[in-house]
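Each remark here refers to the structure printed beneath this line.
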Amino acid sequence: MTNTLVLLIAGILIVLAYDYTNGLQDAANMLATIVASRAATPIQAAILVSVFTFLGPVLGGTAVANTIGNFIDVTDLQNIASLTIVLSGLGGAIGWNLITWWFGLPASSSQALVGGLVGAVLVSAGPEHVVWGMSELNAGRVSGVTKVLGALLISPVLGFLFGWIIHRLVRFALRGARPVVNRNLRGFQWVATAALAFSHGTNDAQKGMGIIAMLLVISGVNAEFTVPIWVILASATSITLGTFSGGWRIVRTLGFGIYKVRPIHALDAQLASASLILAASMTGAPVSTTQVVSTSIMGIGASERPKSVRWGTAQHIIGAWLITMPGAAAISIALYLLMQALGAIV
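Number 1159 in the working numbering belongs to position 307 of the sequence shown; there are no gaps in the numbering.
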């Protein structure tokens, strides 16, 4: 077995591990509102979300995978060197995911992935191997890191606005309704949660798919960037297992720590998040489920009673977002330098 094949297999396994930690860190956020509003028990919510998270990448296309798989370019390097760069970047993302999961902070797995990969490329091959997308932007197109970061930065703002607007519309539609309407809304929450889980799988699992497809190209297995069916199924399975495994620390933070959630709030958050994430997936824009769900809950709270939003918790979450990319980059750089010192890079 050649060194290239060993690194390729290791890379695929690490990507699947990233998908799993993505499930722990991101997908568990979908359980928060439906559990916090008592529309479903934790195990019911976990099963519902897991099923539709799996269906998302299977049926949702590969637009996001194409974006993620092409924002760095290390194809002109030796196979072992380029594979080591990607492995270091993935290690940085996974390490950061586990750190924030342990402390119960809903940081963005997507930001961790970008930070890890860009950090590894910068320290090894240089900035010219990052597809920044600036020339395309001048030509009126959005691609590369510009597209990835743009989506990650804009989506939290849109999540807040979507949550604020949808809650206002739903409150207007239900004006004069009796409190019993909250019980009736719980059935709709199951549908909305399924839609949110599907949109999450469509967007987040494709990130792992894109990295595996990139590994297949730089290792010489595939001549061009394509996403085989086995890659889709493997990524879907890994992120689903992570989802089902839980992430209850984060559920507690999102479901109870930002705003006291009732069924109407939960339904609005799910509708806002699902619509935004599905729209992003259709355009190939990678977004963070964590950020979208969190800010939609904040938007709903601000729409109803701004003083009731626990802005202190929100500030802790935003702080975690701000340090995610540098943190993941630092870990990936350390991993790359360690492998270089051990002579793993030719």
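Just so you know, even glycine gets a beta-carbon here, dropped at the ideal spot from N, CA and C. Quantities reported herein were computed from a predicted structural model and do not represent experimental measurements.
Cutoff 9 Å: residue i Cβ touching any chain D Cβ
i     : result
T1095 : Protein chain content of the structure displayed is limited to a single chain, and chain D is not contained in it.
Status (buried if at least 16 other CB within 10 Å, exposed otherwise) for residue i
i     : result
I1183 : buried
V1212 : For the chain, the structure presents residues 853 to 1198; residue 1212 sits outside this window and is missing.
L1187 : buried
T927  : exposed
A991  : exposed
G1195 : exposed
G1264 : Only positions 853 to 1198 of the chain appear in the structure, and residue 1264 is not among them; the question remains open.
M986  : exposed
K999  : buried
W953  : buried
S1160 : exposed
F1096 : buried
Rounded Cβ spacing between residue i and residue j (contact assumed at less than 8 Å)
i     : j     : result
N922  : G1136 : With a Cβ gap of about 10 Å, N922 and G1136 do not count as contacting.
G908  : F1050 : 5 Å
I1018 : A1124 : 5 Å
M882  : V1145 : 7 Å
S962  : L1010 : That pair is no contact at about 15 Å.
E988  : V994  : 7 Å
Sequence-distant residues of its chain with Cβ nearer than 7 Å to residue i (five each side left out)
i     : result
G1094 : D871, Y872, T873, N874, G875, L876, A879
L950  : T873
L929  : A977
I861  : none
I864  : I1064, L1067
A1046 : L900, F904
H981  : I924, D925, V926, V973
CB contact flag (residue i, residue j, <9 Å)
i     : j     : result
L859  : S1090 : no
G947  : A1193 : no
F1077 : V1069 : yes
V1139 : L1048 : no
Q1122 : Q1058 : no
V973  : I924  : yes
N1055 : I1129 : yes
W1173 : A959  : yes
I1175 : G971  : no
A1053 : V910  : Correcting the residue type first, residue 1053 is Gly in the shown sequence and not Ala. Yes, Cβ-Cβ distance for G1053 and V910 is below 9 Å.
T914  : G1060 : no
A1118 : F906  : no
G967  : G944  : yes
P1008 : Q1167 : no
M1191 : S940  : yes
L965  : L1001 : no
Same chain only: Cβ atoms within 6 Å of residue i, ignoring 5 sequence neighbours per side
i     : result
V1022 : D1120
R1038 : A891, P1115
G1151 : F1012, G1015, W1016
T1092 : S902, T905, F906
Same chain only: Cβ atoms within 8 Å of residue i, ignoring 5 sequence neighbours per side
i    : result
T856 : N931, I932, L935, S1071, G1072
Pick out the complete alpha helix (DSSP H) segments inside the stretch 1001-1065, 4 residues or longer, and give them in chain order. none
Which whole runs of the alpha helix (DSSP H) in the stretch 1120-1152 are 4 residues long or more, in chain order? none
Please list the segments of the alpha helix (DSSP H) lying wholly inside the stretch 960-1008, counting only runs of 4 or more residues, in order along the chain. 961-976, 986-990
Runs of alpha helix (DSSP H) lying entirely within the stretch 901-928, each at least 4 residues, in chain order: 915-920
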